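To start, the structure under review is shown below, and the notes come after it.
Number of protein chains: 2
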Amino acid sequence: MQDEAIPTVRSFSRSFTQRIGVFTDRFLGRDRPLAEARLIFEVGREGCDVRELRSRLDLDSGYLSRLLRSLERQGLLEVVPQENDRRIRRACLTAAGGVELDELNRRGDEFARSLLAPLSAAEQERIVRAMRDVEQLLNAAATTIDLENPASADARWCIEQYFRELDERFEQGFDSAQSISADSQETMPPHGAFLLARLDDRAVGCGALKTLQPGIGSIKRMWVSRSARGLGLGRRILSALELQARELGLEVVRLETNRSLEEAQALYRRQGYREVSAFNDDPYADYWFEKRL
Amino acid sequence: MQDEAIPTVRSFSRSFTQRIGVFTDRFLGRDRPLAEARLIFEVGREGCDVRELRSRLDLDSGYLSRLLRSLERQGLLEVVPQENDRRIRRACLTAAGGVELDELNRRGDEFARSLLAPLSAAEQERIVRAMRDVEQLLNAAATTIDLENPASADARWCIEQYFRELDERFEQGFDSAQSISADSQETMPPHGAFLLARLDDRAVGCGALKTLQPGIGSIKRMWVSRSARGLGLGRRILSALELQARELGLEVVRLETNRSLEEAQALYRRQGYREVSAFNDDPYADYWFEKRL
DNA sequence: TGCATTACCTGACTTTAGTCAGGCAACGAT
DNA sequence: ATCGTTGCCTGACTAAAGTCAGGTAATGCA
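For the protein sequence lines, the chains are A and B, in the order given. Under my numbering, think of the first position of the first sequence as 198, with each following residue one higher. Under my numbering, think of the first position of the second sequence as 198, with each following residue one higher.
See below:
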């Protein structure tokens, strides 16, 4: 780590919370408590389940309930039971709530504009670029990679997305039944592992490991959601899978990939994988790689 | 302004306040109110006058007083009257307060470290650079430039700094008595103007305008503090002075400068000033510039 | 059918943050 | 000496934020 890295981060957060904090309090919550304003934002046009609000804003159940009642009294939103499970309730903005949301958005835009206004065009471009960088990398840093049961809803969602993308990208399309298996049993301890990447409780990537034969593992299901690409997440998932492989006592990991997935090939080469001759007959594989751990 | 500028700023502040806000509350103020933790920071090793604390943290006098009493009760600081004016009181950390400050700093560092930890070395370097950019430009944007009475304490402090720097940089040194005048009367309405740049109530630059003869003005005292250079502040002060000149009915502004002040010359040329022959006999002037407004 | 669980709500708190009016001592100028 | 000002403090508030212990209806499961 560079010497000035820590001071830079600290001085940055300090100056930023000061400058932006002032905004958040003064602009956004001018005529209502800040928590209420945030809640209106979070509910948004399409509405939002109460449980979802609770987790996203990290609020106490009782406190959130009270906030919802307050906004209801003000005629800004309605909380209605869901059709299929009447315990779960959904908050939706009323027409008046929509107007309020517009107003909040207007103030937010105005604040952003006033923040940039004193800067020249070139400076504005520079700060916007730098902000995008910081945000991206902050998101990358906030993304966690953990073991997950491959049968869980999030895991299955990721695999589904992965298959869908392969079907789009492969010239011949993709049918998972044709491909080499990597089912739940195979990708769980003690024979394998399934890793899920999450950003703020949202699944954004995955990777799986299964044992081919004693000492030799295979990496499957490497996928990163479009929204999270370019953040080095692929590299982190791959490294984490290799760590899992070592812990399972594997000495070599292999993987196969399709010619259309150029980024993936580049990643494998960068991470020390070398191309080997075909070790299976996966109909979608064009290249085979291997790495000794 | 670019199309995505506003959304980028907004999404950035959103994600940043979320990620950093969590830290500020959870890490820093874990076993005491956030306001107290901030206060300990602000008092720092060398101590700080109460009035200074009030303005820096923008706190109500009564509220601050109560916070100080609370920290005093906890044995973390002492508030003692100043020698020369016993109304003004100074807050100083006790030994225990110093220990607490160390702990706060430790937590801050730890947070910064944990924020960067998941990133690769190259990514860390990228985010640190981007943060520096954002902070610098945010500071630039937060710097205000306003008319100031040239006799005010801040104005005189800036002029003093300016003279001191000229004395350092000119080969022959600098003595303000030898130079062409620009006293308070000359740089005030209706014959002139004095502009002061402030960042968070701290004077960081200045510039003055006086009338030489009907329709012709002269720009003097252009200075930017070292801490604020490279932020385009010189350009903004110069533009603001030109605006003042137009409002005073001037059609031409002139200025002279010393050969050692290369950045200044570059700025003047960039802003449309062209070199002219000497229009005065200032002993420190090597170049003379003029701009038609 | 009964029982545990889930999802949310209510009431009764505490803590933190912030405001306002007035008060007192120290100081500066006359 | 006195009078206005400055710098800080105290008391008496209010609002916002957050916590905790139940409570209730809906649902799922044995």
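We put the beta carbon where it would ideally sit given N, CA and C, even for glycine. Predicted model only: the values in this text are computed from it and were never measured.
Item: Spatial neighbours of Thr291 (chain A) in its chain, beta-carbon cut-off 7 Å, leaving aside the 5 residues before and after; Value: Gly272, Leu273, Leu274 and Glu275
Item: Gln382 (chain B) at chain A interface by Cβ criterion, 8 Å; Value: no
Item: Selection of the segment 221-241 of chain A by Cβ proximity to chain B, strictly under 7 Å; Value: Thr221
Item: Proximal residues to Leu490 (chain A) (C-beta, below 8 Å), its chain only, five neighbours per side dropped; Value: Glu439, Ala442, Arg443, Leu447, Glu448, Val449 and Val450
Item: Glu297 (chain B) versus Glu269 (chain B): straight-line alpha-carbon distance, rounded; Value: 13 Å
Item: Whole-angstrom distance between Arg216 (chain B) and Gly218 (chain A), CA atom to CA atom; Value: 13 Å
Item: Backbone secondary structure at Glu453 (chain A) - three-state DSSP; Value: strand
Item: Neighbourhood of Asp364 (chain A) by C-beta distance below 7 Å, restricted to the same chain and skipping five residues each side; Value: Gly370 and Phe371
Item: Arg433 (chain B) versus Thr340 (chain B): straight-line alpha-carbon distance, rounded; Value: 10 Å
Item: Near-chain A residues of the segment 255-282 of chain B (beta-carbon distance less than 8 Å), N- to C-terminal order; Value: none
Item: For Ser208 (chain B), the three-state DSSP class (helix, strand or coil); Value: helix
Item: Those runs of the alpha helix (DSSP H) which lie wholly inside the segment 321-368 of chain B and span at least 4 residues; Value: 350-366
Item: Cross-chain neighbours of Val331 (chain B) in chain A, by beta carbon under 8 Å; Value: Phe209, Phe213, Ile324, Ala327, Met328 and Val331
Item: Proximity winner among B:Ser457, B:Leu393, B:Arg399 and B:Gly412, relative to Ser436 (chain B) (alpha-carbon distances); Value: B:Leu393
Item: CB contact below 8 Å: Arg423 (chain B) versus chain A; Value: no
Item: Residue environment, Leu316 (chain A), which counts as buried when at least 16 other CB atoms sit within 10 Å; Value: buried
Item: Every unbroken beta strand (DSSP E) inside the segment 402-485 of chain B [3 residues or more]; Value: 413-421, 449-454 and 471-473
Item: Bridge-paired residues (DSSP) for Ala234 (chain A); Value: None; Ala234 (chain A) has no bridge partner.
Item: Reference Gly389 (chain A), options A:Asp257, A:Gly427 and A:Gly404, closest by Cα; Value: A:Gly404
Item: Assigned secondary structure, Phe371 (chain A) (DSSP; H/G/I helix, E/B strand, else coil); Value: coil
Item: Short CB-CB distance (under 8 Å) between Gln199 (chain B) and chain A; Value: yes
Item: Inter-stretch contact at 8 Å, needing at least 3 Cβ pairs: the segment 349-363 of chain A / the segment 348-355 of chain B; Value: no
Item: Status (buried if at least 16 other CB within 10 Å, exposed otherwise) for Ile356 (chain A); Value: buried
Item: Anticipated Cβ contact below 8 Å, Val247 (chain B) with Ala288 (chain B), distance rounded; Value: 6 Å
Item: Those runs of the beta strand (DSSP E) which lie wholly inside the segment 269-308 of chain A and span at least 3 residues; Value: 274-278 and 286-290
Item: Chain-order list of residues whose beta-carbon lies under 8 Å from that of Pro387 (chain A) (same chain, five-residue window excluded); Value: Leu445
Item: Beta-carbon proximity check, Pro480 (chain B) vs Gln321 (chain B), cutoff 8 Å; Value: no
Item: Cβ contact (3+ pairs, closer than 8 Å) linking the segment 416-423 of chain A and the segment 200-207 of chain B; Value: no
Item: Interface positions of the segment 305-319 of chain A facing chain B (Cβ-Cβ less than 7 Å), listed along the chain; Value: Gly305, Asp306, Ala309, Arg310, Leu312, Leu313, Pro315, Leu316 and Ser317
Item: Beta-bridge partners of Glu487 (chain B), as assigned by DSSP; Value: B:Arg451 and B:Arg471
Item: CB contact check: Gln321 (chain B) to chain A, cutoff 8 Å; Value: yes
Item: Residue of B:Val277, B:Ala482, B:Arg266 and B:Phe391 minimising C-alpha distance to Ala400 (chain B); Value: B:Phe391
Item: Beta carbon of Leu464 (chain A) nearer than 8 Å to that of Ala337 (chain A); Value: no
Item: Distance CB(Arg251 (chain A))-CB(Leu261 (chain A)) smaller than 8 Å; Value: yes
Item: Nearest to Glu307 (chain B) (by Cα), restricted to the options B:Leu225, B:Leu428, B:Gly412 and B:Glu472; Value: B:Leu225
Item: Opening and closing residue of the beta strand (DSSP E) in which Leu396 (chain A) lies; Value: Gly389 to Leu396
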